[in-house]
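Position one of the sequence shown corresponds to residue 5 (the numbering used here), numbered consecutively onward.
One structure is given below, encoded as structure tokens.
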Amino acid sequence: MNIALWVIAGLLAAVYFTVGCVKLLRGKALEQRMPWVEAFPGVVVRFIGLCEIAGALGLILPQATGEHVWLTPTAAACLALLQLLAILVHTRRGETQQLGVNIVLLVLALVVAVGRFAEWTTANAAALPPAT
Numbered sequence: 005m006n007i008a009l010w011v012i013a014g015l016l017a018a019v020y021f022t023v024g025c026v027k028l029l030r031g032k033a034l035e036q037r038m039p040w041v042e043a044f045p046g047v048v049v050r051f052i053g054l055c056e057i058a059g060a061l062g063l064i065l066p067q068a069t070g071e072h073v074w075l076t077p078t079a080a081a082c083l084a085l086l087q088l089l090a091i092l093v094h095t096r097r098g099e100t101q102q103l104g105v106n107i108v109l110l111v112l113a114l115v116v117a118v119g120r121f122a123e124w125t126t127a128n129a130a131a132l133p134p135a136t
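Here it is in structure tokens:
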């Protein structure tokens, strides 16, 4: 299960880091490729990009370093929430052609969130002193 979670987290991190950099650097200039951008101020588009980059780093770095590993399921859950919001925006705007991508990213982020949270809680439960 650990290898599968690493693979999924790696794929998600690559996608979110790449797309996040594009949004952060290009902002409102993305209107041709991403029509939803026209409905938001440039600062919001850049903030979404920054959140995606932070989420991508949060998927990998805590697990890789073994420090603050609770950040990995938290980052995955936040990215899942971001995808849920993206699905809502696209649905309201009638942009249903890309919903499949959003749904796949949502499901994969949820898999990482649940899988890593289960690992973290199991590890922490084992470290607790026995109940008296």
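Using N, Cα and C, we set each Cβ at its ideal position, and we do this for glycine too.
Remember, it's a predicted structure, so these values are computed and weren't measured experimentally.
Coarse secondary structure for Q36, derived from DSSP in three states: coil
Using DSSP with H/G/I as helix, E/B as strand and the rest coil, what is E42? helix
Assign P66 to one of two classes, buried (16 or more other C-beta atoms within 10 Å of its C-beta) or exposed (fewer than that). buried
Neighbourhood of G20 by C-beta, 6 Å cutoff - its chain only, sequence neighbours within 5 removed: It is Tyr, not Gly, that sits at residue 20 in the sequence shown. So the qualifying residues of the chain are E56, G59, A60.
Pick from T126, V105, L16: whose alpha carbon is nearest that of I64? L16
On the three-state DSSP scale, how would you describe G59? helix
Say whether the stretch 36 to 49 touches the stretch 74 to 86, bearing in mind that this needs 3 or more beta-carbon pairs closer than 8 Å, one atom from each stretch. no
Option nearest I91 by Cα separation, candidates T78, A79, V105: V105
Exposed or buried, what is T76 when buried is set at 16 or more other beta-carbons lying within 10 Å of its beta-carbon? buried
Quick check on E71: does DSSP put it in helix, strand or coil? coil
Could you tell me the alpha carbon to alpha carbon distance between V26 and T125, rounded to whole angstroms? 35 Å
For a test of the three-state rule: what should DSSP assign to E99, helix, strand or coil? coil
Which value, in whole angstroms, describes the spacing of the CA atoms of I8 and A117? Checking the displayed sequence, the identity of residue 8 turns out to be Ala instead of Ile. Rounded to whole angstroms, A8 to A117 spans 13 Å at the Cα level.
How about G53 and T78: are their beta carbons less than 8 Å apart? no
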